[in-house]
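Heads up: the sequence shown is residues 1180 to 1440, going by my numbering. The C-beta atom is built at its ideal place from N, Cα and C for all residues, glycine as well. Heads up: the structure comes next, in structure tokens.
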Amino acid sequence: MTDRHPMNFPEAVMTGVRATIADALTCEAAPVQLALRLLLSGPRIPIRALVTSSFHSGQAGIDAGTALDLIHLSLQQLHAHVDAASGPSAQLGNAATVLAGDYLTTGAFRLLVRCADLRVLALVSNAVNRAAELEAANLSPAQDGVDDPTQRVRTRQRLAAPLGGAAGATGAALAGYPEPLAGVARRYGETLVASHVLLQEANAMERCEARTALLCAARDLCRQATQEARTLATATGNGRPLELAERIAAGIEAGGGEKQS
């Protein structure tokens, strides 16, 4: 039987993410609120929460997916860039940036405990450990100061993979998917989240060789995710992963035009 789902599935999940954050992360300090706006303002979407909830639409899926997005925000947008010349770290200062990142990480694990599922805790903790290792290895500047577009794509894709894969695997675990479908869900999460990450970075750039390379890679990854989603839809009747992949694909095609604001 086909899995029935509302036409506004992504919007419903984003509403759930906002409510979850408001309930679990109550600190009103300016550094925290600015950091949270990085996740939920403008065109930004909580992509990991959307991936997890595409497999499991209950509160546990929203909690676990939101935790992954908070961890990404803390690890890859705050802690890894405390000395950045622009962006939130530059606005807040190093001390406020680190404290905000620590608060978000604590809130993420509070949400994971609320899931009360040891499989989810194991999946996420392993992914966070791997993501932290990759971030640490990536802190050194580009060799000889050269910004190679191909290397940039590979680096961004590699850094996005652990938490993206965990989003797919966690959703599949909560939904009770057996192997090998759980593996398909993990690959779907890896490719779709990486595609979205590359698109966001491309949209923040002026036209250049690096931007073109990011958009091309995002398109290729989204096509892979779409194929995985079709496999899952055929096997389970769940069309939400495909709906989400098509949404990201539309954003990539729009991103291929002029730079978005």
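Rounded to whole angstroms, the separation of the alpha carbons of ALA1381 and CYS1387 is 10 Å. Relative to ARG1419, the option among ARG1398, LEU1400, TYR1367 whose CA is nearest is TYR1367.
Counting every other CB atom within 10 Å of its CB across the protein chains shown gives VAL1292 a total below 16, marking it as exposed. Across the structure, VAL1376 and GLN1330 are spaced so that their CA atoms are roughly 15 Å apart. Separation of ASP1327 and ALA1429 (C-alpha to C-alpha, rounded to the nearest whole angstrom) is 27 Å.
In the three-state scheme derived from DSSP, where H, G and I count as helix and E and B as strand, ASN1317 is classed as coil. The way I'd put it, the stretch 1281-1297 does touch the stretch 1242-1252; three or more beta-carbon pairs between them come closer than 8 Å. Per the DSSP secondary-structure output, ASN1187 pairs with nothing in a beta bridge. Here the alpha carbon of PHE1288 sits roughly 13 Å from the alpha carbon of THR1199. Annotated as distal: ALA1424 and CYS1395, with beta-carbon spacing of 8 Å or more. Inter-residue distance for ASN1417 and LEU1219 is about 26 Å (C-alpha atoms, whole angstroms).
For HIS1235, there is no enclosing alpha helix (DSSP H), as DSSP gives it neither H nor E. Taken through DSSP and simplified to helix, strand or coil, GLY1368 comes out as helix.
Under the Cβ criterion (8 Å, minimum of three pairs), the stretch 1186-1196 counts as touching the stretch 1231-1243. Between the C-alpha atoms of ALA1354 and GLU1369 there is a straight-line separation of about 18 Å. Counting every other CB atom within 10 Å of its CB across the protein chains shown gives GLY1434 a total of 16 or more, marking it as buried. When the beta-carbon positions are compared, ALA1346 and THR1205 stay at least 8 Å from each other. TYR1282 sits in a helix when the DSSP states are folded into three classes. Under the three-state reduction of DSSP, LEU1204 is assigned to coil, being neither helix nor strand.
The C-beta distance from ALA1339 to ALA1373 rounds to 4 Å, short enough to meet the 8 Å contact threshold. Of the candidates LEU1290, ALA1214, SER1304, the residue whose Cα lies closest to the Cα of ALA1203 is LEU1290.
By the Cβ neighbour-count rule, GLY1343 is buried, with 16 or more other Cβ atoms within 10 Å of its own.
If you draw a straight line from the Cα of ALA1316 to the Cα of PHE1188, it is about 37 Å long. The continuous alpha helix (DSSP H) containing PRO1328 extends over residues 1328-1354. When rounded, the separation of the alpha-carbon atoms in ASP1296 and THR1405 is 28 Å.
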